[in-house]
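Here is the structure we will look at, set down as structure tokens.
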Amino acid sequence: MLQEPGRTDFANKFNHLGKMKDHKLNDIRNLAVLGHASAGKTTLCEAMLANTGNIKRMGTIADGTTVSDYHADEREHQISIHSSLLRMEWLGVELNVIDAPGSPDFIGDSLGALAVADFALIVVDAVSGVGFITERMWAEADRLGIPKFIVLNGVDKENADVPRVLEEIKHILGDKIFPMTLPLNQGPGASRFLDAMRSKVVEYKPDASGKIEEQDVDGADGESVNDMHRQLIEFVAESDDSLLEAFFEKGELSEEELRSHLHNAIQSQAFSPLFCTGAASNVGVARLMDFIAKFGSSPLDRRSIACESPNGDPIEVDLEGSEPV
Numbered sequence: 004m005l006q007e008p009g010r011t012d013f014a015n016k017f018n019h020l021g022k023m024k025d026h027k028l029n030d031i032r033n034l035a036v037l038g039h040a041s042a043g044k045t046t047l048c049e050a051m052l053a054n055t056g057n058i059k060r061m062g063t064i065a066d067g068t069t070v071s072d073y074h075a076d077e078r079e080h081q082i083s084i085h086s087s088l089l090r091m092e093w094l095g096v097e098l099n100v101i102d103a104p105g106s107p108d109f110i111g112d113s114l115g116a117l118a119v120a121d122f123a124l125i126v127v128d129a130v131s132g133v134g135f136i137t138e139r140m141w142a143e144a145d146r147l148g149i150p151k152f153i154v155l156n157g158v159d160k161e162n163a164d165v166p167r168v169l170e171e172i173k174h175i176l177g178d179k180i181f182p183m184t185l186p187l188n189q190g191p192g193a194s195r196f197l198d199a200m201r202s203k204v205v206e207y208k209p210d211a212s213g214k215i216e217e218q219d220v221d222g223a224d225g226e227s228v229n230d231m232h233r234q235l236i237e238f239v240a241e242s243d244d245s246l247l248e249a250f251f252e253k254g255e256l257s258e259e260e261l262r263s264h265l266h267n268a269i270q271s272q273a274f275s276p277l278f279c280t281g282a283a284s285n286v287g288v289a290r291l292m293d294f295i296a297k298f299g300s301s302p303l304d305r306r307s308i309a310c311e312s313p314n315g316d317p318i319e320v321d322l323e324g325s326e327p328v
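Just so you know, the sequence shown maps onto residues 4 to 328 in the working numbering.
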């Protein structure tokens, strides 16, 4: 029987894993990784696989050793041509990650990935910024009504400019984008991030292991991270009228109130969380994965799908009822 080139290599990388346990629906995350070409989508997926232990060490695009770019043509041209499905587990949650191509020539695969995902992970390069495909995928996710996470990747690159690209993202994609993490030192060696959720500095090990160490912070950096935490609380409060009323009465929300309402705030798209990463050196990725596992969309959150009838009319297909989809 003829085998698609590279498919055996792709399968063999996962032979040691065995069968993953079955998960309840609310412990499953189906996400599409999207964005313009060369934003670092495949490398981000590689870092996620390394963090979960699915692979022993990260491969690279240049060496043709990444898991998702398994096809001979992808290795030769060093771009993703097909969508690849990667399955992993993090914090007891199953992550089904679709690494979609970013070239306009293969946009069909990207649109197909969005159609079956419960939320979009849109990757933007910290040097080149927002590209055409970035905007196209954002608009398509809007049309489908699914939440959007943003990854500002490449903060460890030589010419990374996080403030400029973050401003560009907000200008083009909307001002309801909130940075959950921001690097304290961008460029090569980037390792320390302000973390809005924890109100601390998270420092990543320099060995690309993805391991972190939390640090208390004071001074100007302390003021910055506390301000980030305050803004996060305001976004979450604005997602629910009763919560907003409580916020106005007390002037704050408890950590329990914040965490218990964060998932719903994302589902209502009160804001889109943004995480800064340097996928090539595996910094910033672990906290992104934590957030996805704890607060990302599950299949239970997507109640309908926007599509077209045979006549081309827009319709909504209900996913909750007993009728066939």
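We put the beta carbon where it would ideally sit given N, CA and C, even for glycine.
| query | result |
| --- | --- |
| Is the distance from the Cβ of L124 to the Cβ of V220 below 7 Å? | no |
| Per DSSP, S307 forms a beta bridge with which residues? | D321 |
| Spell out the partners DSSP gives V239 in its beta bridges. | Paired residues: none, contrary to the question. |
| Could you give the first and the last residue of the continuous alpha helix (DSSP H) run that contains P166? | 165-176 |
| Since N285 contacts M61 with CB under 8 Å, what's their CB separation in whole angstroms? | 7 Å |
| Let me know the secondary structure DSSP gives V286 once reduced to three states. | strand |
| Taking 7 Å as the CB-CB limit, is H85 close to chain D? | Note that chain D does not occur in the displayed structure, where there is just one protein chain. |
| Identify which residue in F238, I180, V130 has its Cα closest to the Cα of G281. | V130 |
| For G315, name the three-state secondary structure that DSSP assigns. | coil |
| Can you give me the C-alpha to C-alpha distance between L2 and N57, rounded to a whole angstrom? | As displayed, the chain neither begins before 4 nor continues past 328, which places residue 2 out of reach and without an answer. |
| What is the DSSP secondary structure of S71, reduced to helix, strand or coil? | coil |
| Alpha carbon to alpha carbon, how far is R32 from D230? Give it in angstroms, no decimals. | 30 Å |
| Please identify the residue among K208, C310, A142, L52 whose C-alpha is closest to the C-alpha of W93. | L52 |
| For the putative contact between E138 and L114, defined by C-beta atoms under 8 Å, what is the C-beta separation to the nearest angstrom? | Not confirmed; about 14 Å, so no contact. |
| With distances taken from CA atoms, which of A193, R290, D304, I215 is nearest F122? | D304 |
| Distance, Cα to Cα, V126 vs S312? | 31 Å |
| Going by C-alpha distance, which of A50, E260, N188 is nearest A289? | A50 |
| In this structure, does DSSP put I136 in helix, strand or coil? | helix |
| Which of the three DSSP states, helix, strand or coil, is assigned to L88? | strand |
| Can you tell me where the alpha helix (DSSP H) holding L117 begins and where it ends? | 110-119 |
| Along the chain, where does the alpha helix (DSSP H) that runs through R262 open and close? | 258-270 |
| Can the beta-carbon of A40 be found closer than 7 Å to that of G105? | yes |
| So D224 and L197 are in contact, right, with Cβ under 8 Å, and what is the actual spacing, rounded? | 7 Å |
| Using the Cα positions of G38 and V228, report the straight-line distance between them to the nearest angstrom. | 28 Å |
| Let's see if you can read the secondary structure: which residues bound the alpha helix (DSSP H) around S245? | 244-253 |
| Is it buried or exposed for N188, if we count other Cβ within 10 angstroms and need 16 for buried? | exposed |
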